[in-house]
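Undergrad: One structure is given below, represented as structure tokens, and several questions about it will come after.
There are 2 protein chains.
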Amino acid sequence: MFDPVCPSDLSPIRIGDKWAGMIIRCLEDGPRRFSELRVPLRRVTAKVLTQSLRALERDGLVVRRVRTGGVRHVEYELTPLGRSLLGPLDVACAWAEAHWEQLLDARESASP
Amino acid sequence: MFDPVCPSDLSPIRIGDKWAGMIIRCLEDGPRRFSELRVPLRRVTAKVLTQSLRALERDGLVVRRVRTGGVRHVEYELTPLGRSLLGPLDVACAWAEAHWEQLLDARESASP
DNA sequence: CCGGATCCCACAAGATACTG
DNA sequence: CAGTATCTTGTGGGATCCGG
Chain R
1 MFDPVCPSDL SPIRIGDKWA GMIIRCLEDG PRRFSELRVP LRRVTAKVLT
51 QSLRALERDG LVVRRVRTGG VRHVEYELTP LGRSLLGPLD VACAWAEAHW
101 EQLLDARESA SP
Chain Y
1 MFDPVCPSDL SPIRIGDKWA GMIIRCLEDG PRRFSELRVP LRRVTAKVLT
51 QSLRALERDG LVVRRVRTGG VRHVEYELTP LGRSLLGPLD VACAWAEAHW
101 EQLLDARESA SP
């Protein structure tokens, strides 16, 4: 999913904006810092990542927590509502994995 | 889902473009003609509906069949691949129905 | 370390009018 | 009936630079 080769953006099923699905995946095992999120999400600029996180926060799917002890330290964590999306997310991933070859075949026979 | 009041576009889960989910729903009980689709999808212009249908066709989710017998007659039908999306679609609808109140609460407490 | 400010572009989506 | 043709607008996503 985080591999540029992996065609997760080819799937017709989307959760939130372009990166929200992957962000939620990154948070499923517990809170992560902003810079920790940037490691698997290398291809996202800081601004866009912030935008996505803010959108998730507005919808109550994620909480933002600022630890101001000496060094700046911001954590993001899934709320219960955010966790409730993990089920649908699994369904979406399973569908994509099962059918992406058919999708590719259909597209290339449609536009040679 | 087709009611303007129903907040299906509020859900973070989306299938295809803006109208694809509803189109697939309209086709789940069998083939439908273009003008039949326009009845429940009153708020979609013909152009946009055509665009969505063409996109679904390119991805192999829908087949377009022209019956040229006197009057023009075009039918759209789900392919097996398209039908395989009905499961994920149900999951998405179930999630939205179960959580849209929480979503609304989160949004209004975020931006008063 | 975690962003905000600014500028930019591509593309989705709609309004409107017209057609084989 | 089932679309096309044009035009316009809005917005998501990105590049780059700047700041507490």
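Sequence lines, in order, name chains R and Y.
Numbered by UniProt numbering, the letters in the first sequence go through residues 1 to 112 in order.
Numbered by UniProt numbering, the letters in the second sequence go through residues 1 to 112 in order.
For each residue, glycine too, the CB sits at the ideal point set by N, CA and C.
Predicted model only: the values in this text are computed from it and were never measured.
#1: Output the distance between the C-alpha atoms of Val-5/Y and Gln-51/Y, rounded to the nearest integer angstrom.
#2: Return yes when at least one heavy atom of the ligand ZN lies under 6 Å from the C-beta of Gly-87/Y, else no.
#3: Using a Cβ-Cβ cutoff of less than 8 Å, which residues in the same chain neighbour Trp-19/R once the five nearest sequence positions on both sides are dropped?
#4: Can you give me the start and stop residues for the beta strand (DSSP E) that Leu-78/R sits inside?
#5: Take Val-66/R and list the residues in its own chain whose beta-carbon comes closer than 7 Å to its own, dropping the five residues that flank it on each side.
#6: Within 7 Å (strictly less), CB to CB, does Leu-86/R reach chain Y?
#7: Using a Cβ cut-off of 8 Å, pull out every chain R residue sitting near Gln-102/Y, in sequence order please.
#8: Shorter than 7 Å from the beta carbon of Pro-12/R to some beta carbon of chain Y?
#9: For Ala-98/Y, which of Ser-84/R, Ile-23/R, Thr-68/R has the nearest alpha-carbon?
#10: Using the beta-carbon count (16 or more within 10 Å), is Gly-82/R buried or exposed?
#11: Quick check on the burial criterion: 16 or more other C-beta atoms within 10 angstroms. Buried or exposed for Arg-32/Y?
#12: Would you identify the three-state DSSP class for Thr-50/Y, choosing helix, strand or coil?
#13: Run through DSSP, which three-state label would Val-91/Y get?
#14: Assign Val-39/R to one of two classes, buried (16 or more other C-beta atoms within 10 Å of its C-beta) or exposed (fewer than that).
#15: Would you mind sorting Ala-96/Y into buried or exposed? The rule is 16 or more other CB atoms within 10 Å of its CB.
#16: To the nearest angstrom, how far is it from the Cα of Arg-72/R to the Cα of Leu-78/R?
#17: Between the alpha carbons of Asp-90/Y and Ala-46/R, how many angstroms are there, rounded?
TA: According to the structure shown:
#1: Low confidence applies to Val-5/Y: its pLDDT is 46, below 50, so where it sits in the model is not reliable, and the reading given next is rough at best. Taking the straight line from one Cα to the other gives about 25 Å.
#2: Ligands in the displayed structure: none, and consequently the ligand ZN is not present.
#3: Leu-41, Val-44, Val-48, Leu-49, Ser-52.
#4: For Leu-78/R, the uninterrupted beta strand (DSSP E) segment begins and ends at 71-78.
#5: Hits under 7 Å: Val-74.
#6: So, not an interface residue.
#7: Here the neighbours are Gly-60, Leu-81.
#8: For Pro-12/R, the answer is yes, since a Cβ of chain Y falls inside 7 Å of its Cβ.
#9: Per the Cα distances, Ser-84/R.
#10: Counting Cβ neighbours within 10 Å, Gly-82/R comes out buried, since at least 16 surround it.
#11: Buried is the call here.
#12: Helix at Thr-50/Y.
#13: The DSSP-derived three-state label of Val-91/Y is helix.
#14: It is exposed - the Cβ of Val-39/R has fewer than 16 other Cβ atoms within 10 Å.
#15: Result: buried.
#16: The alpha-carbon atoms of Arg-72/R and Leu-78/R are separated by roughly 20 Å.
#17: Rounded to the nearest angstrom, the gap between the Cα atoms of Asp-90/Y and Ala-46/R is 34 Å.
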